[in-house]
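Asker: 1 is the number of the first residue of the sequence shown in UniProt numbering; add one for each residue after it. Even glycine gets a Cβ: it sits at the ideal position worked out from N, Cα and C. Sending over a structure as structure tokens; questions will come in a sec.
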Amino acid sequence: MFEYTRKFNLKISMPSVDAHRSVLSHFVTAHQYANISMTYVNFLEVNSMLFSQQALRQFLSKYDNRIIGFGGDYLTFCATGYDAERDYAVIHDVIAVNPKVRESTGKRELHKLHDWDKRKDVWKNYAEKI
1 MFEYTRKFNL KISMPSVDAH RSVLSHFVTA HQYANISMTY VNFLEVNSML FSQQALRQFL
61 SKYDNRIIGF GGDYLTFCAT GYDAERDYAV IHDVIAVNPK VRESTGKREL HKLHDWDKRK
121 DVWKNYAEKI
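Structure (structure tokens):
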């Protein structure tokens with residue numbers, strides 16, 4: 001991933017997601033074809049992003065630690081820009097798994113957070129302010 005990020009001057013990249021074994025929120029991040037190494041996209045999921053130094057600074061300038069599990073991906077693009085055509089990519093040569101549930105508890109890690117079920121409302125309130 002680091003090689004792709006440097007070679008293609010990407011602001012942010014992420015591994016493709018194994019759709020069969022993972023929670024998949026956005027189809028553009030799914031591992032789709034074995035013969036494709038990388039796809040440029042206009043959206044990435046927050047769970048495994050690799051930021052360039054500049055993009056990380058831009059993101060952190062707007063970050064609020066109440067934004068957990070919902071909205072962080074939207075905030076990333078608010079901070080770094082939606083208009084670029086080749087700044088964001090899914091690296092299909094690297095495949096990640098975002099587990100659906102923990103085998104021992106039957107729940108996702110996200111459920112351990114206080115008020116996890118209110119994360120969408122927290123994002124909406126924050127988004128109205130920025």
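According to DSSP, is ASP93 part of a helix, a strand, or is it coil?
Answerer: Position 93 of the sequence shown, counted from the first residue, corresponds to residue 93. Strand, per DSSP.
Asker: Which one of SER16, GLU3, TRP123 has the shortest CA to CA distance from ASN65?
Answerer: The sequence position of residue 65 within the sequence shown is 65, counting from 1. With distances taken between Cα atoms, ASN65 lies closest to TRP123.
Asker: Cutting at 6 Å between CB atoms, please list the residues of its own chain near VAL41, excluding the five before and the five after it.
Answerer: Residue 41 sits at position 41 when you count from the first residue of the sequence shown. Excluding residues within five positions, the ones whose Cβ falls inside 6 Å are VAL28, TYR88, VAL90.
Asker: Taking the alpha carbon of SER48 as the reference point, which residue from LYS62, ASP121, GLY72 has its own alpha carbon closest?
Answerer: As a first step, residue 48 is located in the sequence shown; it is residue number 48 there, counting from the start. The shortest C-alpha separation from SER48 is found at GLY72.
Asker: Buried or exposed for GLU3, please, with buried defined as at least 16 other CB atoms from any protein chain shown within 10 angstroms of its CB.
Answerer: Within the sequence shown, numbered from 1, the residue matching residue 3 stands at position 3. It is exposed - the Cβ of GLU3 has fewer than 16 other Cβ atoms within 10 Å.
Asker: With DSSP run on the structure shown, which of helix, strand or coil describes VAL17?
Answerer: Locating residue 17 in the sequence shown gives position 17, where the first residue counts as 1. Here VAL17 sits in strand by DSSP.
Asker: Just the Cα atoms here: how many angstroms apart are GLN54 and LYS11?
Answerer: Position 54 of the sequence shown holds residue 54. Position 11 of the sequence shown holds residue 11. Cα-Cα distance, rounded: 8 Å.
Asker: Can you give the beta carbon distance from LEU56 to MET14, rounded, assuming they're within the 8 Å contact cut?
Answerer: Stepping through the sequence shown from its first residue, residue 56 is reached at position 56. Stepping through the sequence shown from its first residue, residue 14 is reached at position 14. That pair is no contact at about 14 Å.
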